[in-house]
Structure formats: structure tokens, C-alpha cells
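One structure below.
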């Protein structure tokens, strides 16, 4: 086999691997469950609605996807507290827009939800996100 043939074969094999990457799209409920859901007649009424700008929504998504990716699974021998810390719904998020176009995103766990004794540690992070460039500039954990 010539070098050119090996190179072409290698490139084809590598590009084929991209076809098997996992999707990062969120999971959907089964159709039976979706059919049972009824949207409220007047959604997004004042007093019930939280409005997020596109910058804030994007910054939070980038930070959360890094902090707790959707495809990340807990270890098989995880404790109940560790399993709980893999749930996105136990986290609260704080955001602050900085003058230079950076959005600070703080992610903090309500650890008392997972552990009544509140002994869980290392359950949060701080991100500096450049939304215009779609990248995380820096992080602290």
C-alpha cells in the first residue's frame, strides 16, 4: 500500500469517527407524556415570568454545559449525595454583566437538598464567558 493510499484511508477513518459522536441535545419525554402536557392559555404573564437576555441565556448555557455536561454520568459506586449533585435542578445561578462584554456566571449547589447534614463540598464554580465569541474565558472551581 502506498503512502498516499494510507493517508486517504486514515482520513476516511477519522472522518467516519465524527459520525458516531454523541449528541448534546437534551432528552425529550416520550410522545405519550408530551401529548398529556397542556400549555397554559396565557403564558409569560407579568409577575410570573423571568426574562433573560440572549447574552445571559447563552452565558448560563455555556457555563452549565461545562460544569455539568448533559452526557456526564455519575460513577457506578456513587453515594446518594453524589448522585444528587449530578442533578442540574439543585443548582442556582448568579450572573453579572461586566463592561467589557464578559458575563460572570456563578453556579452554586443547594447542597442541603442532597445532604441534610450539608457536608457536600466543591459543588459550584465561577465562569467568565465571552458570549460574542461563544467561549469560556476563565473558570474557578
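Numbering (mature numbering (1 follows the signal peptide of the UniProt record, and there is no 0)), first residue to last: -20 to -1, 1 to 121.
Even for Gly, the Cβ is constructed at its ideal location relative to N, Cα and C.
Given that a residue counts as buried once 16 or more other Cβ atoms are within 10 Å of its Cβ, and exposed if not, what is residue 107?
-> In the chain shown, the residue the question calls residue 107 occupies position 127. Looking at its Cβ environment, which holds 16 or more other Cβ atoms inside 10 Å, residue 107 is buried.
Exposed unless 16 or more other CB atoms sit within 10 angstroms - verdict on residue -6 = On the chain shown, position 15 is the one that residue -6 refers to. Caution applies to residue -6, whose pLDDT of 47 falls short of 50 and renders its modelled position unreliable; the value that the coordinates give is listed next. Exposed, since its Cβ has fewer than 16 Cβ neighbours within 10 Å.
Can you have a look at residue 105 and say buried or exposed, based on whether 16 or more other CB atoms are within 10 angstroms of its CB?
-> For this step, residue 105 is matched to residue 125 along the chain shown. Counting every other CB atom within 10 Å of its CB across the protein chains shown gives residue 105 a total of 16 or more, marking it as buried.
When we look at the beta-carbon of residue 8 and count the other beta-carbons within 10 Å, is it buried (16 or more) or exposed?
-> Position 28 of the chain shown, counted from the start, is the residue given in the question as residue 8. By the neighbour-count definition (other C-beta atoms within 10 Å, threshold 16), residue 8 is an exposed residue.
Are residue 111 and residue 43 closer than 7 Å when you measure CB to CB?
-> For the purposes of this step, residue 111 is taken as the residue at position 131 of the chain shown. For the purposes of this step, residue 43 is taken as the residue at position 63 of the chain shown. Contact flag unset, no.
Ignore the nearest five residues each way along the sequence and tell me which others in residue 64's own chain have a CB closer than 6 Å to its CB.
-> The count along the chain shown starts at 1 and reaches residue 64 at position 84. 94, listed in sequence order.
Residue interval of the alpha helix (DSSP H) (run including residue 106) | Translated into the one-based positions of the chain shown, residue 106 becomes position 126. Taken as a continuous stretch (DSSP letters only), residue 106 belongs to no alpha helix (DSSP H), being part of the beta strand (DSSP E) at 104 to 110.
Give the range of the beta strand (DSSP E) segment to which residue 120 is assigned.
-> Counted from its first residue, the chain shown places residue 120 at position 140. Bounds of the beta strand (DSSP E) holding residue 120 are 115 to 120.
Go through the region 37 to 109 residue by residue and report every complete run of the alpha helix (DSSP H) that reaches 4 residues or more, in order.
-> Listed in chain order, they are 60 to 65, 91 to 94.
Give a yes or no on whether the C-beta atoms belonging to residue 48 and residue 68 are separated by under 7 Å.
-> As a working note, residue 48 is residue 68 in the chain shown. As a working note, residue 68 is residue 88 in the chain shown. With contacts defined as CB atoms closer than 7 Å, residue 48 and residue 68 qualify as a contacting pair.
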